[in-house]
Amino acid sequence: MSDLENDVPARSQEDAVVPTKRSGGDSEQRLVFNPPIDIYETGDGLVLYADLPGVTTDGLDLQVQDNRLTLFGRVRREDSDEGMVLHEEYRTGDFLRSFILSDEVDHDRITARLNHGVLRVELPRASRAQPRRIEVSTD
Amino acid sequence: MALEIQQGIRQGIRQGIRQGRKAWQEQETELVQTESGGVWMAVFRWGNAWDAFQELEREMDRLLQGVNLSFPGGRSSRRFPLMNLVERDDHYLLTAEVPGVEISDLEVTAAGGLLTIKGVRRPPEEARDDSFRRQERFHGTWQRTIQLPDRVDEDDLKAEYSAGILKIRLKKAASGIVRNIPVTEGPEA
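Chains as they are written, first to last, in the working numbering: chain A, 41 to 179; chain B, 125 to 313.
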């Protein structure tokens, strides 16, 4: 966990349910979840997967600021929430999680793709600077 | 998290059972010693008691497995996928969170009052088991079956999949819809 660290205390890995009041149109309280993730190493760097069911590309906000990668996925409230609840295993809310990137990650070449509610972020390793030969001259 | 709690409780119970077993064994040993005039005997009766304790331990495990220790509102449940069911006027709506599952890997069947959804969530091809730094997402085949509410028209199911959420509309059979029966005034008796 040296290249990429979770910016969230371990305790809130899961079950992070934080009602937040979001500024803007709706004043209703929204739930924010910590989405489950996978991180694995490839030859080129790191790949991150996050489960964001209900999030589409227009609801997704992925940011790198300084060395922090933050993902926020907004889930649109749908009419499917309406009706008499007979059985409930999950609740609808937004997704938020952030990570600390090491200098090894090339921030400018980070790419992301969202497919069937799963976000895939590629974090390529910065190519090592080539050893540069410094010419030494005499006066 | 829920798994850890479950393991913790299990450990506690195991320890308790072990202590109980020990106490029982000591008591039994004393009994045998007095009976045989202070001479140690092979206590063959222990065997049965041992079994009884093991059975108790197994039973506790079985009970614990049935306990849902996940926190309400949390996403720690190891069940996959998570499902909700709501009832509307003329239909039920079942929604399941199956992010990352390809439509071709999704199967919905209904028969005999049971609705089954199954599929597979494939791990990324280029990832090897030892290359994971963090693994929180579920991979593999999954299946869930639920009992359909009464009076659902099994032939009229509509399934839709978008953004990782599967929605299945279960139309109520005609007999399940509430009908208002007008009451008219009859001839006075």
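Glycine included, each C-beta is placed from N, C-alpha and C at the ideal position.
| query | result |
| --- | --- |
| Residues within the region 91-122 of chain A neighbouring chain C, beta-carbon criterion of under 8 Å | Among the protein chains in the structure shown, which are A and B, there is no chain C. |
| Partner residues on chain A for serine 255 of chain B, Cβ-Cβ distance less than 8 Å | Tyr80, Glu81 and Thr82 |
| Glutamate 278 of chain B in three-state terms, based on DSSP | strand |
| Closest Cα partner of tyrosine 130 of chain A within the set A:Gly94, A:Ala152 and A:Gly113 | A:Gly94 |
| Length-filtered (3 minimum) beta strand (DSSP E) runs lying within the region 207-280 of chain B | 215-221, 230-235, 238-245, 256-259 and 264-271 |
| Which listed residue (A:Phe139, A:Glu162, A:Arg116 and A:Val176) has its alpha carbon closest to that of leucine 71 of chain A | A:Arg116 |
| 8 Å Cβ cutoff met for proline 164 of chain A and aspartate 84 of chain A | yes |
| Exposure label - alanine 298 of chain B; buried when at least 16 CB within 10 Å | exposed |
| C-beta neighbour in chain A for glycine 237 of chain B, strict 8 Å | no |
| Outcome for lysine 61 of chain A when other beta-carbon atoms lying within 10 angstroms are tallied against a minimum of 16 | Here the model assigns lysine 61 of chain A a pLDDT of 45, short of 50, so the residue's position is not dependable, and the following value carries that caveat. When all chains shown are included, lysine 61 of chain A counts as exposed. |
| Start and end residues, beta strand (DSSP E) containing isoleucine 140 of chain A | 134-141 |
| CA-to-CA distance, glutamate 128 of chain A to valine 302 of chain B, given in whole angstroms | 24 Å |
| Span of the beta strand (DSSP E) around glutamate 128 of chain A | 124-128 |
| Spatial distance of leucine 209 of chain B from lysine 296 of chain B (CA atoms) | 14 Å |
| Reference isoleucine 133 of chain B; option with closest CA among B:Arg142, B:Gly144, B:Met184 and B:Lys146 | B:Met184 |
| For isoleucine 137 of chain B and threonine 82 of chain A, the rounded distance between their alpha carbons | 43 Å |
| First and last residue of the uninterrupted beta strand (DSSP E) at aspartate 148 of chain A | Looking at the DSSP string, aspartate 148 of chain A is not in any beta strand (DSSP E), and its letter there is neither H nor E. |
| Cβ-Cβ separation, proline 248 of chain B to tyrosine 89 of chain A (assumed contact under 8 Å), whole Å | 7 Å |
| Exposed unless 16 or more other CB atoms sit within 10 angstroms - verdict on alanine 220 of chain B | buried |
| CB of glutamate 309 of chain B within 8 Å of CB of glycine 123 of chain A, strictly | no |
| Selection from A:His156, A:Val161 and A:Ile140 that minimises the alpha carbon distance to arginine 149 of chain A | A:Val161 |
| Helix, strand or coil at leucine 92 of chain A [DSSP, three-state] | coil |
| Candidates B:Gly237, B:Leu180 and B:Gln131: closest to arginine 275 of chain B by CA position | B:Gly237 |
| Given glutamine 103 of chain A as reference, the closest of A:Phe112, A:Ile77 and A:Asp143 once Cα atoms are compared | A:Phe112 |
| Straight-line Cα distance separating aspartate 78 of chain A from arginine 258 of chain B | 5 Å |
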